[in-house]
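Worksheet: one structure, shown below.
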Amino acid sequence: MSDPRQEPEDPRSMHMHQLITADGQRVQDELLDEFVADVDDETLLGLFRDMVEVRRIDVEATALQRQGQLALWPPMLGQEASQVGSVRALEPDDFIFPTYRENGVAYCRGAHLSEVMGVWRGNSNTGWDPYEINVATPQIIIGAQTLHATGYAMGLSLDGKESVAIGYLGDGATSQGDVHESMVFAASFQAPVIFFCQNNHWAISEPVGLQSAVPLAGRAPGYGIPSLQVDGNDVLAVLAAVRWAAARARSGGGPSFIEAVTYRMGAHTTADDPTRYRGVTELEEWGAKDPIARLRVLLQSRGMLDVGAEAEIAAGADAVAAELRQSCISLPDPEPMTIFDNVYVDRHAVLERQRDHYERYLAGFSSAGQGPGAGNGSTDAGTREGSRS
Amino acid sequence: MSDPRQEPEDPRSMHMHQLITADGQRVQDELLDEFVADVDDETLLGLFRDMVEVRRIDVEATALQRQGQLALWPPMLGQEASQVGSVRALEPDDFIFPTYRENGVAYCRGAHLSEVMGVWRGNSNTGWDPYEINVATPQIIIGAQTLHATGYAMGLSLDGKESVAIGYLGDGATSQGDVHESMVFAASFQAPVIFFCQNNHWAISEPVGLQSAVPLAGRAPGYGIPSLQVDGNDVLAVLAAVRWAAARARSGGGPSFIEAVTYRMGAHTTADDPTRYRGVTELEEWGAKDPIARLRVLLQSRGMLDVGAEAEIAAGADAVAAELRQSCISLPDPEPMTIFDNVYVDRHAVLERQRDHYERYLAGFSSAGQGPGAGNGSTDAGTREGSRS
Amino acid sequence: MSKLTLTQAINAGLRRALEDDPKVLLLGEDIGTLGGVFRVTDGLMKDFGSHRVIDTPLAESGIIGTAVGLAYRGFRPVCEIQFDGFIYPGFDQIVSQVAKMHVRTQGKVRMPLTIRVPFGGGIGSPEHHSESPEAYFIHTSGLRVVSPSNPQDAYTMLRQAIACDDPVLYFEPKRRYHAKGDVDLDADLAAAPALDSARVAAAGADVTLVAYGAMLKTALDAASAAAAEGTSIDVIDLRSLSPIDYGPLMESVRRTGRLVIAHEASQTLGLGAEIAATITERCFNYLEAAPVRVTGFDVPYPPSKLEKHHLPDLDRILDGVDRALGRPNSQTGMED
Amino acid sequence: MSKLTLTQAINAGLRRALEDDPKVLLLGEDIGTLGGVFRVTDGLMKDFGSHRVIDTPLAESGIIGTAVGLAYRGFRPVCEIQFDGFIYPGFDQIVSQVAKMHVRTQGKVRMPLTIRVPFGGGIGSPEHHSESPEAYFIHTSGLRVVSPSNPQDAYTMLRQAIACDDPVLYFEPKRRYHAKGDVDLDADLAAAPALDSARVAAAGADVTLVAYGAMLKTALDAASAAAAEGTSIDVIDLRSLSPIDYGPLMESVRRTGRLVIAHEASQTLGLGAEIAATITERCFNYLEAAPVRVTGFDVPYPPSKLEKHHLPDLDRILDGVDRALGRPNSQTGMED
Ligand SMILES: Cc1ncc(C[n+]2csc(CCOP(=O)(O)OP(=O)(O)O)c2C)c(N)n1
Ligand SMILES: Cc1ncc(C[n+]2csc(CCOP(=O)(O)OP(=O)(O)O)c2C)c(N)n1
Ligand SMILES: [Mg+2]
Ligand SMILES: [Mg+2]
């Protein structure tokens, strides 16, 4: 009854690009091969090292959270290939707009581990200087950053640059109006932006099927934006796909959309309990597609990864973890009066008055051992006694 | 370089369904024909009458605005086929969520002309009772009503009804996040909703190409929503397309999207001056595709519309216009104290206090000839003198 | 009487509303299988089905906007916004549609939505998870805004909010989610205090202290501490933030002559401004001192390691009480 | 000196900013070819090109969100929101991104956006075209909010807003768009009154009357009418709504002892609440009467045939002045 020409595409009919199979075979892909023609075994080994380090960071941060050193942590387990492959495809001048989960991306871009941890320890809302590593701060409002990436990309065009902007987003984010408006603007202004969607199959407890019954990569063509679906657990294919998109953008081809099909092997965050909403079969199924395991097989088959080399990489990752732990637990608590800093660039009389007041208020406690704020949420009414001079 | 399978569709490659050509020929359409198999010449004549009346209403309302009897009017000129064809495809129980421009739709649904005019005269924000004619109030916030239509349709499913909801929207509206979220929700819940997009080529001064470089009907498949592009100046094709979508919805097929390709022959509203942004060639081109003219030719060719019949229809339309004028100019001004009405269903103490206060305040003027509010925006400081007892 | 946590009380209220009225629906992100990130809706999808407890796509405007359509069709949607800071994508639908639909339709269409919003800080969360956005909605005509401070009110007020034919923003004091209290699950709604009424939470004679939500507990603690020092504080739990029930406030201030208002939201145009202005208008001749506001500062919510400095605590409230009593304190001499 | 309407003055300000700084960009719906629905941007696309005066797709969140990205890259976007009531779809980007980006990045990233919003009623328009949403933004830490009342301020303050490194909401008094006044196009920005300063618009001794935007004219008219009756009103044009420049207000109130605040926005948590509360805090001992608010009612903006009842006019302001002076009037006896 309905017009067959315009029937929705069947999910299974969309081609998922792949260069390394789940069991570690290098396969050909007509579109992507040329974008990784220069990737030699050394480079592949580098990607492997990145992924091992990112996973090690994830393990350590999760442990730190359990030990009360971090307030929260959003695991990346299972998404190492998507994160590493995408960031390694970019040039240093390309600007990244990540979500809260792209801590592996930030790390590869050179964020200090203490900077990454600061956010999750509750010290600050960003650790790094966005302009130092060309990575924006982790975005928590779902989808908002895709508009920032688009605007930044519009700015790149205006400035006549060949760089690109990339906006990371999750499968859940695709439902937000902001992501739609990003694609509308990106298409309208042919902005050199890459929408890099990690479909990790879950938005907290909601399966991707709740957001869309058809592949997420199928949305973009409706805006005139070319898109690709890529195996998000295949670091080489992800690298190639992002290079494809970046090449399009640099040569004036405008925006692209990449759906990296991957899986969130861990909890949504350390506050989440995924056993409440998903079974083990899915986990096992995806465990068999592990991004690190498959590259290990490939590298071993090429003689690039003997026991010694792997041990060396593991030791390097342990060193990273140790540094992470050390820099995290030694982060100094922020100074009270900094809550008034950087709200405005210019002087703001009303806020200044509040600051002065609070400074004087705090000074009233200085002679006593007890600091202020101790009464917060406490039933102990005794804090006040003796705390004021 | 890019994957050809996922290249954006070329705008010209999308098939525009048509049943009556611009020069009044009835042509076949594989998909749509079955949906109008029952449409006899009498019915066609009825559609013609509807369109003539809607156009006449538009002319009269525009005149009333020029004469200061209406504050504003959004012309429908050129869109009569889209409005009449769509509303006539629906059952009385189907619920309509219109924009400010669907006054022809409201009229065909049985809205009293005074009710339609009330909004544009500034008397009220709606004239009609939505539940009396199953038409929501005219929506001004671009795109918002598509979510309401989707929610209403979700409710229809929950209630086990076979009715549908229809959300009208413009080409400009397709850029709004709300329209996207509507499609996400509609697809996710398989809601019996029709998105009826009148692509009239302009959003105030912005051409549709600024919102999208590819056909608007191409968006929906990315959500798994079937879509059609239809000649929006062909009342029969519009009727068929909406019946197609309604049949899908009634039989559990979920949402559909229709792009009715039409043209806003008039100004955006009476406050707009389209000569500032578009040329006459476009107008002439579209004038040749007039929805009423083509149906006249067809009806004439079938011997359904001799001079007498046409004169009778014109006279009927004039009568409608006369009633419109009369009911518009005789609309009583709303009572001052009604500004406090219907803000809440239940008692609201703070507002009640403001109401009491204003009532006493107004009473202070009652003995003087001068009413309150006269000082507003006036430089005449003398209003107060003598206005208070 | 059952001993319930505040979340359990809300859960019980939702359950009761779902049982009593087939038109009640729950919509939100992760409220179904997971039972909500705070487990407030735990078990409800299992018991009432996925057609009544609906996991929605991740889009707040979509949640509110479809709820408007559902209300149009006669449903009573209860929407969950996962955290305070995620309500803004739905702001347009709330302000331009939910709040205005009844007046727009000249009373023909009703919007009996309840929008549940866990709000406030003090739980050590990252950005956007600790905000107090209530003022935006209090300023919006057409909405009602309430916030319970204890399990009994959480239960009763939620049922009243859902039964109310006006749209209600229901702000849940998430810092107090685990606080326990007696809840009478069979309390007669009609006999219960009205949804728009304030309540005297502790009687006192020297100063009137107004608070709501999680801050009520801090206010009561402050009153105890002050009592030990010989100052008697009348603590009022607002419960309804729009409209405000000025009766008990005026009665109290006319006795005490002194008013302190505490809230987590930023000071400028936080609810304290309205209460201070209105009480001054209506009780000017009774006031011995200017009303005092003890509030969050005019800064975006700070990182959690600093939140204890932003949130009014017992000490800051007592400092405000001192000010209201004209005792020299940290703000003395700062009139200019 | 040129005689310009308020729209012409804004146009001149935009033109000057585009000339002076290549990083200035204009974004909005219909601002290019059409020159904006109010013709405020008339001719600018023609003169500066479509890469600097950008007609955007019809999506407010898109406009603000891409402007955030442009600011990230060092641009100074000036966004036009077509009418007050259409700002809400962009609310999330304004509140969660624009307002918080500087603090979020510990001062590394600046958001020198200017968001132009024609606001207020009295122009006979349909729903959503006459709103006064300024309070939402005044309550939002991290934003600055200003509103000029005359062509010279419109010009100067716009240039200052664009030059300001903080985000500024610039509310244009659309009812006064056609008001003419002298504008010094070469005025030295640094020498001009600061963007965050208030101004005494008319000197008086008996009552302080505070207004902004289109209401300033009504306030001045009221002052003239009162003068004829022998009451001398000190009229203050706020100009900056966040932060408020309390210096001139306090100076005035300490002389007059009486304060009236007028605005179109609804009363509950409208700006009047903040001013009343703050002035009471800082001038309590000087006040002879409670500050009086003369405002729009707590209703959604009414249909245009009724707007004259909603908008404070000269008579209602004078009624408020009577109240502030303790003269019996319509609210007398309504304290409860
Ligand atoms: C606007 C908004 N709504 C809700 C949330 C709460 N929330 C945080 S993460 C999340 C799920 C996101 O899923 P997805 O986009 O797939 O990203 P993932 O977490 O899987 O990386 C939700 C609902 C939020 N942060 N922002
Ligand atoms: C959220 C919002 N933004 C801006 C406007 C101002 N506006 C009114 S109509 C219009 C153009 C709408 O174009 P389209 O959707 O194509 O509908 P048409 O007017 O052509 O029927 C605009 C920008 C609005 N009403 N709502
Ligand atoms: Mg996900
Ligand atoms: Mg249009």
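Chains as they are written, first to last, in the working numbering: chain A, 26 to 414; chain B, 26 to 414; chain C, 1373 to 1708; chain D, 1373 to 1708.
Beta carbons are placed, not taken as given, at the ideal position from N, Cα and C, and that holds for glycine.
Could one say the Cβ of VAL1517(D) lies closer than 9 angstroms to chain A's Cβ atoms, at least one of them?
Here the question's residue 1517(D) lines up with position 145 in the fourth sequence. Put simply, the CB of VAL1517(D) is far from chain A, with every gap to its CB atoms at 9 angstroms or more.
With DSSP run on the structure shown, which of helix, strand or coil describes MET101(B)?
If you number the second sequence from 1, residue 101(B) lands on position 76. MET101(B) carries a coil assignment under DSSP once its states are collapsed to helix, strand and coil.
Could you tell me the distance, in whole angstroms, from the CA atom of PRO1349(C) to the CA atom of SER1612(C)?
Residue 1349(C) lies beyond the range of chain C shown here (1373 to 1708); nothing can be said about it.
Does the contact criterion of 3 or more C-beta pairs under 8 angstroms hold for the stretch 1467-1483 of chain C versus the stretch 1574-1591 of chain C?
Touching, no.
Return helix, strand or coil for TRP153(B), following the three-state DSSP convention.
Sequence index remark: in the second sequence, residue 153(B) carries index 128 (1-based). Reduced to three states, the DSSP call for TRP153(B) is coil.
Given a cut-off of 9 angstroms on the beta-carbon distance, is the pair GLU1679(D) and LYS1472(C) in contact?
Counted from its first residue, the fourth sequence places residue 1679(D) at position 307. Counted from its first residue, the third sequence places residue 1472(C) at position 100. Against a cut-off of 9 angstroms, the Cβ pair of LYS1472(C) and GLU1679(D) comes out as no contact.
Boundaries (first-last residue) of the alpha helix (DSSP H) holding THR175(A)
Taking the first residue of the first sequence as position 1, residue 175(A) is located at position 150. Unbroken alpha helix (DSSP H) run through THR175(A): 169-183.
Spell out the partners DSSP gives LYS1552(D) in its beta bridges.
As a working note, residue 1552(D) is residue 180 in the fourth sequence. Looking at the DSSP assignment, LYS1552(D) forms a beta bridge with THR1377(D).
Indicate, with yes or no, if ligand 6 has a heavy atom lying under 8 angstroms from the CB of ASN224(A).
Among the ligands modelled here, namely ligand 1, ligand 2, ligand 3 and ligand 4, ligand 6 does not occur.
For PHE1543(D), which residues does DSSP report across the bridge?
As a first step, residue 1543(D) must be located in the fourth sequence, where it is residue number 171. In the DSSP output, where bridge partners are listed per residue, PHE1543(D) has VAL1489(D).
For ASN225(B) and chain D, any beta-carbon pair shorter than 9 angstroms?
What you label residue 225(B) is simply residue 200 of the second sequence in a count that begins at 1. Cβ-Cβ to chain D under 9 angstroms: no for ASN225(B).
Could you give the uninterrupted runs of the beta strand (DSSP E) lying entirely in the stretch 1429-1485 of chain C, keeping only those of 3 residues or more?
The DSSP assignment places 1448-1452 as complete runs of the beta strand (DSSP E) inside the stretch 1429-1485 of chain C, in order along the chain (cut-off: 3 residues).
Any Cβ of chain D within less than 9 angstroms of the Cβ of HIS1511(C)?
Mapped onto the third sequence, residue 1511(C) falls at position 139. HIS1511(C) belongs to the set of residues whose beta carbon lies under 9 angstroms from a beta carbon in chain D.
Could you list which residues in chain C have their beta carbon closer than 7 angstroms to that of LEU235(A), in chain order?
In the first sequence, residue 235(A) corresponds to position 210, counting from 1. Taking a Cβ-Cβ threshold of 7 angstroms, the residues of chain C close to LEU235(A) are ASP1427 and PRO1429, in chain order.
Is TYR125(A) near ligand 1, in the sense that its beta carbon is under 8 angstroms from a heavy atom of that ligand?
The count along the first sequence starts at 1 and reaches residue 125(A) at position 100. Yes, since a heavy atom of ligand 1 falls inside the 8 angstroms radius drawn around the Cβ of TYR125(A).
Short CB-CB distance (under 9 angstroms) between VAL141(A) and chain D:
The count along the first sequence starts at 1 and reaches residue 141(A) at position 116. No, no contact with chain D.
Please find out if some non-hydrogen atom of ligand 2 comes closer than 8 angstroms to the beta-carbon of LEU1430(D).
Sequence index remark: in the fourth sequence, residue 1430(D) carries index 58 (1-based). Yes, the beta carbon of LEU1430(D) sits closer than 8 angstroms to at least one heavy atom of ligand 2.
Compute the minimum distance between the beta carbon of VAL197(B) and the heavy atoms of ligand 4, and state whether it is under 8 angstroms.
Counted from its first residue, the second sequence places residue 197(B) at position 172. The amino acid at residue 197(B) is misidentified as Val; the sequence shows Gly. Checking the Cβ of GLY197(B) against ligand 4 gives yes.
Starting from the Cα of HIS42(B), find the closest Cα among GLY249(B), GLU116(B) and ASN258(B) and give me that residue.
In the second sequence, residue 42(B) corresponds to position 17, counting from 1. Nearest Cα to HIS42(B) within the set GLY249(B), GLU116(B) and ASN258(B): ASN258(B).
Closer than 9 angstroms, CB to CB, is SER1648(D) near chain C or not?
Here residue 1648(D) is taken as the residue at index 276 of the fourth sequence, counted from 1. Contrary to the premise, residue 1648(D) reads as Ala rather than Ser in this sequence. Taking Cβ atoms only, chain C reaches closer than 9 angstroms to ALA1648(D), which makes this a yes.
On the DSSP bridge assignment, give the partners of GLU231(A) in chain order.
Residue 231(A) sits at position 206 when you count from the first residue of the first sequence. Bridge pairing for GLU231(A): ALA228(A) [DSSP].
CB contact check: GLY135(B) to chain C, cutoff 9 angstroms:
For this step, residue 135(B) is matched to residue 110 along the second sequence. Closer than 9 angstroms to the CB of GLY135(B) there is not a single CB belonging to chain C.
If I measure Cβ to Cβ from LEU1683(C) and keep anything under 6 angstroms in the same chain, skipping five residues before and after, which residues do I get?
In the third sequence, counting from the first residue as 1, residue 1683(C) sits at position 311. Here the set comprises GLY1493, GLY1494 and GLU1636.
For GLN11(A), count neighbouring Cβ atoms within 10 angstroms of its own Cβ and tell me buried if that reaches 16, exposed if not.
With chain A covering only 26 through 414, there is no way to say anything about residue 11(A).
Going by C-alpha to C-alpha distance, which of VAL1540(C), ARG1448(C) and ALA1431(C) sits closest to LEU1397(C)?
Numbered from 1 along the third sequence, position 25 holds the residue referred to as residue 1397(C). Nearest neighbour of LEU1397(C) by Cα position, chosen from VAL1540(C), ARG1448(C) and ALA1431(C), turns out to be ARG1448(C).
Less than 8 angstroms between the CB atoms is what I'm expecting for GLN1454(C) and THR151(B), so what's the real figure, rounded?
Here the question's residue 1454(C) lines up with position 82 in the third sequence. Here the question's residue 151(B) lines up with position 126 in the second sequence. Actually they do not touch by this definition, with Cβ atoms about 33 angstroms apart.
For PHE1711(C), which three-state DSSP category applies?
As displayed, chain C neither begins before 1373 nor continues past 1708, which places residue 1711(C) out of reach and without an answer.
Do you know how far the Cα of VAL141(B) is from the Cα of LEU1588(D)?
Taking the fourth sequence and counting its residues from 1, one reaches residue 1588(D) at position 216. Taking the second sequence and counting its residues from 1, one reaches residue 141(B) at position 116. Approximately 36 angstroms, taken between the alpha carbons.
Buried/exposed call for GLN90(B), threshold 16 Cβ in 10 Å
Walking along the second sequence from the start, residue 90(B) turns up at place 65. Buried, since its Cβ has 16 or more Cβ neighbours within 10 Å.
Using a C-beta cutoff of 9 angstroms, does THR124(B) count as contacting chain A?
Translated into positions along the second sequence, residue 124(B) becomes position 99. Taking 9 angstroms as the threshold, the shortest C-beta distance from THR124(B) to chain A does not fall below it.
Is the CB of VAL1663(D) under 9 angstroms away from at least one CB in chain C?
If you number the fourth sequence from 1, residue 1663(D) lands on position 291. Before going further, note that residue 1663(D) is Pro rather than Val in the sequence given. Under the 9 angstroms criterion on CB atoms, PRO1663(D) is classed as interfacial with respect to chain C.
Against THR175(A), what residues of chain C qualify as contacts under a CB-to-CB distance less than 7 angstroms, listed in chain order?
By one-based count along the first sequence, residue 175(A) stands at place 150. Going along chain C, no residue has its Cβ under 7 angstroms from THR175(A), so there is no contact; the nearest lies around 17 angstroms.
Counting Cβ pairs, one atom from each stretch, are 3 or more of them under 8 angstroms apart for the stretch 226-237 of chain A and the stretch 286-301 of chain A?
With the rule of 3 Cβ pairs closer than 8 angstroms, the stretch 226-237 of chain A counts as touching the stretch 286-301 of chain A.
Do the CB positions of ASP1538(C) and VAL370(B) come within less than 9 angstroms of each other?
Position 166 of the third sequence, counted from the start, is the residue given in the question as residue 1538(C). Position 345 of the second sequence, counted from the start, is the residue given in the question as residue 370(B). Cβ atoms of ASP1538(C) and VAL370(B): closer than 9 angstroms.
Between the CA atoms of TYR177(A) and SER27(B) - distance to the nearest angstrom:
The residue labelled residue 27(B) in the question sits at position 2 within the second sequence. The residue labelled residue 177(A) in the question sits at position 152 within the first sequence. Unreliable positioning characterises SER27(B) in this predicted model, as indicated by a pLDDT of 35, which lies under 50. The coordinate reading is nonetheless provided below. Take the alpha-carbon of SER27(B) and the one of TYR177(A): they are about 24 angstroms apart.
Report yes or no: is there a C-beta of chain D within less than 9 angstroms of the C-beta of SER1596(C)?
The count along the third sequence starts at 1 and reaches residue 1596(C) at position 224. Cβ-Cβ to chain D under 9 angstroms: no for SER1596(C).
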